[in-house]
Each structure stands twice: as C-alpha cells, then as structure tokens.
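For the sequence shown, the working numbering assigns the number -3 to the initial residue and increments by one for each residue that follows. Yeah, the Cβ is synthetic: ideal placement off N, Cα and C, and Gly gets one too. Right, one structure below, let's go through it.
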Amino acid sequence: MVYVIFKARNEFRNSRKNLLIFFFRLLSIIAFILTWSYFIFLCLLHFKTNNNSLQNLSKQQQQQQPCRIQSPQSINIDYNDIYWQRFQSSNGTFFFYNAFYDDRTLNGELSTIRILSMIDRISPIKIYCRIWFSNSSNSIITLADYHYIWSQQWGNYEDKILQPFLINCPFPRQKHLQPYFVSLFEKNCTEITNNLQIINNRPLNKNKQSFAVCVKGLEFLHDDLSIRLIEWIELLNILGVKKIFFYEFDIHPNMSKVLQYYQNETKLVHVQKLSLPGSQPNFPLERKKYLQQKIIHRRQNEIIPYNDCYYKNIYLYDYIVLLDIDEIIIPLQHLNWLDMIYDLEKYFANINQSYDALSARHIYFLDDLDENNNTIQSNLSIVPSYLHMLTHIYRSSNYTKTGSYVKSFFHTERILAVHNHYPLICFSKCQTREMNVTLAHLQHYRKDCVYLLQKSCQNDHRLNRIRDTNIWRFKNSLIQRTSLLSRKLNFLL
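Right under this line is the structure:
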C-alpha cells in the first residue's frame, strides 16, 4: 500500500516536471519564432526603405540631369504669313522676322544675336535664347533683353497691338565657332517651335563699300510708276549708290519688270518680298486699305524692314540711307555722295566731333509749282517730259523745320536701331549732325504736302517758290540711261 502511494507521488512529480519542460520548450520555440520574425521584419523594412530611397535618388538625379535638347526641325516651326515665326508665351505672342550676328567693335567683349520682332505687349516677359553653332552640336543659353524700337508719344502704346522690338542675346565671343541658329523660349525643357538662321553677311575681300539705299515695302498695286522708278534708280547710281534694297508687298507688273531687270541683269537691286505678321491682312486689296487707314500701325510695321535692311548690311557698307522712291538727297557742292561725305568726315574729325548719322533737310518739289512740265529747254538739250525729277525744277522756298522729315546717312558701326528719319538707339547717346542746306538737301517730289502739313502747305510751301536746277548737273547721263532702259523694256517706242 505504501509502495503504491509512493509510486503514485513519483509519477505525479515526473508528470509535472515533464509538463514544465514541455512549456519551457514551447516558450523557447515561440521566442525563437518571434525573434526571427522580428529580425525578418526589420530586414524587410530596411530593404523597402533603402529601395524607396534609391528610387527617390534616381528620380532626383533624373530631374537634375539636363534635358536632351535638339535643334527644332523645320516641320515643327510655327510659321506665320510665310516670312515670320510665331512664339506663344504665357503672356503675349511674339513674331520673329530675322536674326543677325553683331560683333561690331562697340559691342565690347560680348557678341550679340539681334532678333527683329513684333510683340503684342509693351513690356514683354523674360525669355531665353538658345544659340546653336554651325560646326558643333553644342548650344548655349543666355537671357534675352529688349530694345523697344518705337516711342510712346507716337501712339499705339498699348498691349494687344503689335509693337516693334529688337531682342538681344549677348554671349561671349567664340573664336572658332560661328553662331548658326537661335531659338527663343520661356521655360527650359519645353518644345521649341522657332528657329531663326542667323544672318552674318560679310564681304569676301573684307572691305566695305560706300552706300546702300533701303526702300520700305512697296505698295503700288495699280499705279504704274515704272519710268519714274528707272529715273530714280539711275540717279542714285550716278550719285554713287552701290546697291538698292527693295521690300515689296504688291506692285504694278511694269514696276516689277523694272526691278527684276536690275536684280538679274545689273545686280544693282535686290528685292525682298514682305508680309504683315499676326492677324493683319495680307490679301492685296485689304492690306492696301489697312495700311492707308491705320497710319500708326503702318509706321510700326515699317520699322521692321528698315532695320532688317540695316542689319543685313552693317558689314558690307559704310552708310545706309532709307529713302522712298519720290525723294532723293542731292549734293549741292559735289557731284556724288562719296566726295560730299568724305569732306564731312574730315570736317568733323578736325573739330573732334563724332556722329552716328548725317541728316539732310527736307524741301518740297510739288507737282503744281512748275510753269510747264512738258519740255524744258536748257543748254540746247531737251529734257523729255516723261522724266519726272528732271522736269520738276521749282521748289518751295521754305524748308520744313529742322529735324522734320529729314533723311539720314546712317553710320553702320555706331547704331543699334534706325527710324525712317534718324537713329533711334545707338551704342551711346545718338548724335545726328545736320548737313548745311548749302551742302545738300532732300528733294521730295509730291502732288501735295503730307497730311500733317496740309493746313500750312499753301502758305509755307506753295506761295513762295524757287527755280532749282541743281539736278540738271546729272541730266545728260540720266536722260541717256533712263531713256535707253525704258525703250529696252518697251515702255517707250
């Protein structure tokens, strides 16, 4: 009995011991599992964190890397009215006409790309220039600045009206690289839809010629002024003009025939077609009406061809003159412009005065001032009636006031922007020297005074007249040249 009880106690003790061992082992297994589970969790968490960091770092590196920029293809350019390129910014629309390379001495250590443009804002937003080089795939970016080539007091000084601007892109001079194209943009890594070839006309022999004349957009749709045009071109050539650059909207077929002859046969003339940018009309009749009625808009548009012609020739000619085909600067003491300007250059050098332009005073040769426009006898030579300038030898005795309606010889080394009458912007303050009326003047052949002088025209310019035959010094050569070509082109029998 005692043995049985003792045996039962021992078995109970062993069972409790085994149960404790079992629970201990179970807890050990659970602790092991939890420990490894926690370790695995930490590893997974660390891996995920590092992976996210790597992904974020990769994204940051991709964002920090410069975007791949390629020169825009011609099929992606936003063209407007044939001769313009359009750029739509976040605040205003830009219309680009031409771009030019300017490394003239007065630029200093920098070269500049200058872009002629019309913008429908008075104060355009900040934009950038990307300049591409001809013998390199590389490009550089520079901040653009603006020259407003108009004046607030002339009118149309408001947004949403196209304003003429000269956009400037300065950059360090590149000895071995020539700028080839320029694109303008507002934000980097955006699609570029403009790409202007940079014009850099240079003489082959590195020597400039003396004078070139520029003519704004011709608009003579129905008026046949072909013989008058020949007379005008030939007189300019006699005076020493080496090239005449015409901008053309639409002209009479006979006038076009004249210009094509000079362009193809003599190389004296170059003709450039022209259009109005933006929503302005370009159908001939609508455009003619628009330009007649919107006088200030017309004058703002004229700024573009004036400066386009100037910048195309800054390395080719010493002086640029802007003329209409009904006016001409006549030297009164010399037989050509070259001798006259040479004497003026010596004079200003001797008195230590510089100048950016030399201007000629304006005088009217109105149609009805002459007594007889059929034939004029002089030194036994008859001046044919079809020669307008040679047969109009009576002028007003009064010049228009100083600075009004003048025309100028623009120095190609010193001016940044030109106006019809005088320089607008120069490298320093513009200095225009007026030529004495005993030396030269601007002869303006018109039916009547300009609109702004209509009220004073009768008293100031019609009542008192003077016979002025200075132009007859050139008549023999002018008659021969004009008559010969007029017959050659079948304008005369």
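Item: Quick one: what's Asp246 bridged to in DSSP?; Value: Glu215
Item: With a threshold of 8 Å on Cβ separation, who are the neighbours of Ser86 within its own chain once the five nearest residues in sequence on each side are excluded?; Value: Ile121 and Glu182
Item: Leaving aside the five residues before and after Arg477 along the sequence, list all residues of the same chain whose C-beta is less than 7 Å from its C-beta, in chain order.; Value: Glu230
Item: Could you give the DSSP three-state label for Cys426: helix, strand or coil?; Value: coil
Item: Return the first residue and the last residue of the alpha helix (DSSP H) that Ile475 is part of.; Value: Lys471 to Lys484
Item: Under 8 Å by Cβ, that's how I've got Phe423 and Leu162 pegged, so tell me the actual separation to the nearest angstrom.; Value: The Cβ separation is near 13 Å, so there is no contact.
Item: Please check the pair Ile240 and Val211, which I expect to be a contact at CB under 8 Å, by giving their CB distance rounded to whole angstroms.; Value: 7 Å
Item: Can you list, in chain order, the residues of its chain whose CB lies under 6 Å from that of Asp504, leaving out five sequence neighbours each side?; Value: Not covered by the structure: residue 504. The range shown for the chain is -3 to 489.
Item: Between the segment 112 to 131 and the segment 309 to 327, do three or more beta carbon pairs fall short of 8 Å?; Value: no
Item: Quick check on this structure: which residue in Tyr258, Gln170, Glu282 and Tyr153 has the alpha carbon closest to the alpha carbon of Leu106?; Value: Gln170
Item: Taking only the alpha-carbon atoms, compute the straight-line gap between Asn197 and Phe96 and give it to the nearest angstrom.; Value: 9 Å
Item: Could you check what DSSP says for Trp146 in three-state terms: helix, strand or coil?; Value: coil
Item: What is the rounded straight-line gap between the Cα of Phe487 and the Cα of Asn190?; Value: 45 Å
Item: Between Leu494 and Asn94, how many whole angstroms is the CB-CB distance? I'm expecting something under 8 Å.; Value: Because the chain here runs from -3 to 489, residue 494 falls outside it and cannot be looked at.
Item: Return the bridge partner residues of Arg82 from the DSSP annotation.; Value: Phe91
Item: In this structure, how does DSSP classify Pro175 when only helix, strand and coil are distinguished?; Value: strand
Item: Extract the residue ranges of the beta strand (DSSP E) inside the segment 392 to 456, only unbroken runs of 3 or more that lie entirely within it.; Value: 403 to 407, 411 to 414, 419 to 422, 428 to 430 and 436 to 442
Item: In terms of residues, what are the limits of the beta strand (DSSP E) holding Tyr313?; Value: Tyr313 to Leu318
Item: DSSP three-state call for Cys210: helix, strand or coil?; Value: strand
Item: Between the Cα of Lys238 and the Cα atoms of Leu362, Ile389, Gln349 and Tyr258, which residue gives the shortest distance?; Value: Tyr258
Item: Whole angstroms is fine: what's the gap from Gln59's alpha carbon to Cys185's?; Value: Low local confidence applies: a pLDDT of 48 at Gln59 is under 50, so the model's placement there is unreliable, with the coordinate-based value given in what follows. Answer to the nearest angstrom: the Cα atoms are 11 Å apart.
Item: Do Ser355 and Val402 have their beta-carbon atoms positioned less than 8 Å apart in this structure?; Value: yes
Item: Just to confirm the assignment, what range does the alpha helix (DSSP H) spanning Leu232 have?; Value: Ser222 to Leu235
Item: Would you report the Cα separation of Thr428 and Gln329, rounded to the nearest angstrom?; Value: 21 Å
Item: Any contact between the segment 437 to 456 and the segment 321 to 328? By contact I mean 3 or more CB pairs, one from each, below 8 Å.; Value: yes
Item: Per DSSP, which residues does Ser350 bridge with? Please list them.; Value: DSSP lists no partner for Ser350.
Item: Could you pull the start and end residues of the beta strand (DSSP E) that Pro68 belongs to?; Value: Unbroken run through Pro68: none, as it is neither H nor E.
Item: What's the C-alpha gap between Tyr153 and Ile73?; Value: 30 Å
Item: Is DSSP giving Asn46 helix, strand or coil here?; Value: Summary for Asn46: the model assigns pLDDT 41, below 50, so the residue's position carries little reliability; its value from the coordinates is reported in the next sentence. Helix.
Item: By a C-beta neighbour count over all protein chains shown, 10 Å radius and 16 as the cutoff for buried, is Ser179 buried or exposed?; Value: buried
Item: From Asp322 to Tyr441, what distance separates their C-alpha atoms?; Value: 5 Å
Item: For Gln159, does the three-state DSSP call read helix, strand or coil?; Value: strand
Item: Can you list, in chain order, the residues of its chain with a C-beta nearer than 7 Å to that of Gln51? Leave out the 5 residues immediately preceding and following it.; Value: Only weak support is given to the placement of Gln51: the predicted model assigns it a pLDDT of 42, under 50, and the value that follows is read from those uncertain coordinates. Nothing listed; no residue qualifies.
Item: Based on the DSSP secondary-structure assignment, which residues constitute the bridge partners of Leu362?; Value: Arg442
Item: Could you tell me the alpha carbon to alpha carbon distance between Lys253 and Ser206, rounded to whole angstroms?; Value: 27 Å
Item: Note the first and the last residue of the continuous beta strand (DSSP E) segment covering Lys269.; Value: Val265 to Lys269
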